[in-house]
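First residue of the sequence shown? That's 27 in my numbering, and the numbers climb one at a time after it.
Note that CB positions come from ideal geometry on N, CA and C, so glycine has one too.
Everything numeric in this text was worked out from a predicted model, so none of it was measured.
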Amino acid sequence: MYLYHYGLRELPFTLTPNTNFYLGLAPHNEALAVLLTALKTGEGFLKVIGEVGTGKTLLCRKLLNDIPDHFVTAYIPNPYLSPDELRRAVAVELGVKQAQRMSVQLLTQRIQTRLLELHSKGHSVVLIVDEAQALPEESLEALRLFTNLETESRKLLQVVMFAQPELDARLAEQHFRQLRQRITFSYQLRPMTAEEVEHYISHRLNIAGYKGAALFSSKLCQKLTKTSKGIPRLVNVLCHKMLMLGYGEGQYELTQKHLALAAKDTEDTAPVGSIRGFWSKLTVGNLAIALLIILLVLFGATWPFLPVGEFM
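See below:
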């Protein structure tokens with residue numbers, strides 16, 4: 027790989043949501059501040075909506091890391107669960123013993139007992155659901171019923187949902203109006219600006235150990251922003267491929283030529299622009315790298331030596 031070529035300790039643009047690479051850009055800092063403030067008020071439902079690749083999972087993990095100590099968290103990363111499976115998953119997260127063996131009625135009682143126990147010890151309980159747009163309809167209703175558990179002054183369970191915009195479309199339906207009206211705080215993640223993309227790339231390279239001159243110029247970052255639409259995951263994908271191409275050519279400063287090749291091989295990117303005559307100028311080296319990347323994608327291979335996961 028290109029680590030030695032660029033003087034890196036680790037790969038800077040993996041798709042795994044590693045909080046060591048977290049950068050407090052405005053949209054993520056604002057979302058985190060909204061969540062922490064809302065949780066302190068004891069509200070029932072909170073949600074963060076963002077397009078695919080905007081960093082919801084990384085923000086979710088950042089929340090789990092930064093939440094104050096008096097909060098007890100239950101984390102559901104895969105919400106494609108039936109109501110019964112959802113209840114049992116929550117019970118397990120809260121430490122309810124033998125949750126998989128109880129009847130639904132007994133399980134609900136044990137969950138409430140556990141919530142009251144935690145409340146009596148001064149704890150607030152937060153259920154965090156990632157990819158909440160995947161929740162089946164019946165499970166969304168079960169999630170709403172969880173928030174009926176309360177004392178005279180406070181909810182026993184707060185729910186934070188991270189989801190794609192499809193969740194808003196579902197909640198707009200008439201039969202979800204009770205759940206919709208219980209969502210007291212909401213935040214919409216936006217794509218990155220060109221300045222943020224440049225800062226983001228520089229930050230990840232620095233965390234990965236890069237010490238040299240800028241690999242991505244400001245002008246190239248502007249073009250990369252348009253090509254990636256400011257989506258962090260697409261920025262990662264394009265930057266990784268561009269570094270591979272630069273390494274294949276023995277170059278250190280990356281160019282629009284590398285971006286055009288990377289974008290041509292990446293789904294959901296915007297056109298880079300006219301590259302007429304570009305293919306005729308390709309060297310054997312970078313053409314070989316380009317063909318390697320295309321073959322990897324066509325045959326479903328994972329990134330070379332790269333763990334695949336949800337971004338950010």
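Q) At which residues does the beta strand (DSSP E) containing residue 71 begin and terminate? A) On the sequence shown, position 45 is the one that residue 71 refers to. First-last of the beta strand (DSSP E) with residue 71: 71-75.
Q.
Taking the straight line between their C-alpha atoms, what separation do you get for residue 169 and residue 290?
A. Here residue 169 refers to the residue found at position 143 when the sequence shown is read from its first residue. Here residue 290 refers to the residue found at position 264 when the sequence shown is read from its first residue. Distance between the alpha carbons of residue 169 and residue 290 is about 42 Å.
**Q.** Supposed close pair residue 49, residue 226 - CB separation, criterion 8 Å
**A.** The residue you call residue 49 lines up with position 23 of the sequence shown. The residue you call residue 226 lines up with position 200 of the sequence shown. Yes, residue 49 and residue 226 are in contact; Cβ-Cβ is about 6 Å, under 8 Å.
Q) Any idea which residues DSSP pairs residue 257 with across the strands? A) Position 231 of the sequence shown, counted from the start, is the residue given in the question as residue 257. Its beta-bridge partners do not exist; DSSP assigns none.
Q: Would you kindly check if the distance between the Cβ of residue 207 and the Cβ of residue 175 is under 7 Å?
A: Locating residue 175 in the sequence shown gives position 149, counting from the first residue. Locating residue 207 in the sequence shown gives position 181, counting from the first residue. Cβ distance not < 7 Å, so residue 175 and residue 207 don't count as in contact.
Q: Please report the residue range of the alpha helix (DSSP H) in which residue 243 lies.
A: Counting from one through the sequence shown, the residue named residue 243 turns up at place 217. Taken as a continuous stretch (DSSP letters only), residue 243 belongs to no alpha helix (DSSP H), as it is neither H nor E.
Q.
Between the alpha carbons of residue 254 and residue 286, how many angstroms are there, rounded?
A. Translated into positions along the sequence shown, residue 254 becomes position 228. Translated into positions along the sequence shown, residue 286 becomes position 260. Roughly 12 Å between the two C-alpha positions.
Q) Which residues in the same chain as residue 233 place their Cβ atom closer than 8 Å to its Cβ, once the five residues preceding and following it in sequence are excluded? A) As a first step, residue 233 is located in the sequence shown; it is residue number 207 there, counting from the start. Cβ neighbours of residue 233 beyond the five flanking positions: 38, 46, 47.
Q: Give the secondary structure of residue 135 by DSSP, where H, G and I count as helix, E and B as strand, and everything else as coil.
A: As a first step, residue 135 is located in the sequence shown; it is residue number 109 there, counting from the start. Reduced to three states, the DSSP call for residue 135 is helix.
Q: Mind reading off the beta-carbon distance from residue 191 to residue 102? Whole number of angstroms is fine, and I expect it under 8 Å.
A: As a first step, residue 191 is located in the sequence shown; it is residue number 165 there, counting from the start. As a first step, residue 102 is located in the sequence shown; it is residue number 76 there, counting from the start. Contact doesn't hold; Cβ gap of about 20 Å is too wide.
Q) If you follow the alpha helix (DSSP H) that residue 165 is part of, which residue opens it and which one closes it? A) Along the sequence shown, read from residue 1 onward, the residue named residue 165 stands at position 139. Start and end: 163-172.
Q) Is the region 203-221 in contact with the region 60-79, if contact means three or more CB pairs nearer than 8 Å? A) Counting Cβ pairs under 8 Å, three or more are found: they touch.
Q.
Only counting the same chain, and skipping five residues up and downstream in sequence, which positions put a Cβ closer than 8 Å to that of residue 238?
A. If you number the sequence shown from 1, residue 238 lands on position 212. When the five nearest sequence neighbours on each side are left out, the beta carbons in the same chain lying within less than 8 Å of the beta carbon of residue 238 are those of 32, 33, 278, in order along the chain.
**Q.** N- and C-terminal bounds of the beta strand (DSSP E) containing residue 153
**A.** Taking the first residue of the sequence shown as 1, we reach residue 153 at position 127. First-last of the beta strand (DSSP E) with residue 153: 150-155.
Q.
My assumption, with CB atoms under 8 Å, is that residue 93 sits in contact with residue 152. Please give the rounded CB distance.
A. As a first step, residue 93 is located in the sequence shown; it is residue number 67 there, counting from the start. As a first step, residue 152 is located in the sequence shown; it is residue number 126 there, counting from the start. Yes, residue 93 and residue 152 are in contact; Cβ-Cβ is about 7 Å, under 8 Å.
Q. What is the DSSP secondary structure of residue 290, counted as helix, strand or coil?
A. Counted from its first residue, the sequence shown places residue 290 at position 264. Here residue 290 sits in helix by DSSP.
Q | Contact under 7 Å by Cβ, residue 105 with residue 158 | A | By 1-based counting over the sequence shown, the position of residue 105 is 79. By 1-based counting over the sequence shown, the position of residue 158 is 132. Yes, the pair counts as a contact, with Cβ atoms nearer than the cut-off.
**Q.** Identified DSSP bridge partners for residue 186
**A.** Here residue 186 corresponds to residue number 160 of the sequence shown, with the count starting at 1. Paired residues: 72, 154.
Q. Under a Cβ-count criterion, where at least 16 other Cβ atoms within 10 Å of its own Cβ denotes burial, should residue 135 be classed as buried or exposed?
A. For the purposes of this step, residue 135 is taken as residue 109 along the sequence shown, with counting starting at 1. With fewer than 16 other Cβ atoms within 10 Å, it is exposed.
Q) In the region 196-226, which residue ranges form an unbroken alpha helix (DSSP H) of at least 4 residues, counting only runs that do not cross its ends? A) 203-208
Q) In whole angstroms, what is the alpha-carbon distance linking residue 108 and residue 115? A) Along the sequence shown, read from residue 1 onward, the residue named residue 108 stands at position 82. Along the sequence shown, read from residue 1 onward, the residue named residue 115 stands at position 89. Their backbone Cα atoms lie some 10 Å apart in a straight line.
Q | Per-residue DSSP class, three states only, for residue 39 | A | Within the sequence shown, the letter at position 13 stands for residue 39. The answer is coil: DSSP assigns residue 39 none of H, G, I, E or B.
Q.
Rounded to whole angstroms, what is the Cα-Cα separation between residue 44 and residue 297?
A. Position 18 of the sequence shown, counted from the first residue, corresponds to residue 44. Position 271 of the sequence shown, counted from the first residue, corresponds to residue 297. The straight-line gap from Cα to Cα measures roughly 29 Å.
Q: Taking 7 Å as the cut-off, decide whether the C-beta atoms of residue 140 and residue 120 are in contact.
A: Reading the sequence shown from its first residue, position 114 is the one you call residue 140. Reading the sequence shown from its first residue, position 94 is the one you call residue 120. The Cβ-Cβ distance between residue 140 and residue 120 falls below 7 Å.
Q. Thinking C-alpha only, which one of 219, 223, 186 is nearest residue 205?
A. Taking the first residue of the sequence shown as position 1, residue 205 is located at position 179. Checking every option, the nearest Cα to that of residue 205 belongs to 186.
Q) Buried or exposed: residue 30, going by 16 or more other Cβ atoms within 10 Å of its Cβ? A) Taking the sequence shown and counting its residues from 1, the one referred to as residue 30 is at position 4. That one is exposed.
Q) Going by DSSP, which residues form a beta bridge with residue 181? A) Against the sequence shown, residue 181 aligns to sequence position 155. Note: residue 181 sits in a beta bridge opposite 176.
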